Every structure is written in C-alpha cells, then in structure tokens.
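Numbering (the numbering used here), first residue to last: 1 to 111. Just so it is clear, CB atoms sit at the ideal spot from N, CA and C, and this is done for glycine as well. It should be emphasised that the depicted structure is a prediction, and the values quoted were computed from it without experimental measurement.
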Amino acid sequence: MFTGSSGSNVASVLVESKKRDRKNARGLLREIHRVEKYASVMNELSDSVHFPLTEESEVEVRKRVQEIAQVCDALKDGLDPLERQVREVFHRIVRSRTEGLETLGRPSHAE
C-alpha cells in the first residue's frame, strides 16, 4: 500500500516503535494502521459506488473521508515534534560543517 518515501517513513516508525523510550511511536503506529484500514475501506467503497451517488452512498463516502481526515490530523500532530527535531539536527549538521570548512580554510600558524 505504501510506496516510496511513505514506505520508508512507515519502516522508520516501525523501527522506532520497537524502542522502549519512544512513547509517541506506538501512537503513530496505531494511526498508520488506521490509515491503512480506512484506505482499504475507501478503495472497496470506490469500487462499489456507481455515479451518480445515491444519498446513502454519499453519506458513507463523506463519513469515511472525515474519518481519514481525523487520522491524518492525528498523524500530523504526532509527526510535528519529530519534524522539529529533524530540522534542529539538520541545522546543527550544517553549522558544524560550515565551521569545519572555515577552520580548514584558515591559514595555519605553524612556523
């Protein structure tokens, strides 16, 4: 179901969920499971729906879309702190690299 970077994100969450000190990882894993479940339901629903939609089918589709939106919001809430941490680490790496290049570019005073 997941491809490309989504698949690697899922794999990363699975790895993190196995670490005991990661409290949010299990929640994220639960949300990923819910996304898979609702995506499967939406696929089945879209295969069985004929256009124009009946009022009953439209209500069902709207309900499922709303459920998926709630799961996506929960994922976003869980991933925002991780995104901030990744951004901070990235900036630290860039600063360290810049400092290292500046140090290498300075003439040495060894006489």
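When secondary structure is reduced to three states using DSSP, residue 104 falls in the helix class. Under the three-state reduction of DSSP output, residue 90 falls in the helix class. Excluding its 5 nearest sequence neighbours in each direction, residue 82 has no C-beta neighbour in its own chain below 6 Å. Residue 89 counts as exposed, since fewer than 16 other beta carbons sit within 10 angstroms of its beta carbon.
Per DSSP, reduced to three states, the secondary structure at residue 50 is coil, with no helix or strand assignment.
Shown here for residue 49: same chain residues with a beta carbon closer than 8 Å to its own, the five before and five after excluded, namely 57 and 61 in chain order. By the CB criterion at 8 Å, residue 78 and residue 31 fall inside the cutoff.
Taking the C-beta atoms as reference points, residue 71 is found no nearer than 8 Å to residue 106. Put simply, of 45, 74, 64 and 96 the residue whose alpha carbon is nearest the alpha carbon of residue 29 is 74.
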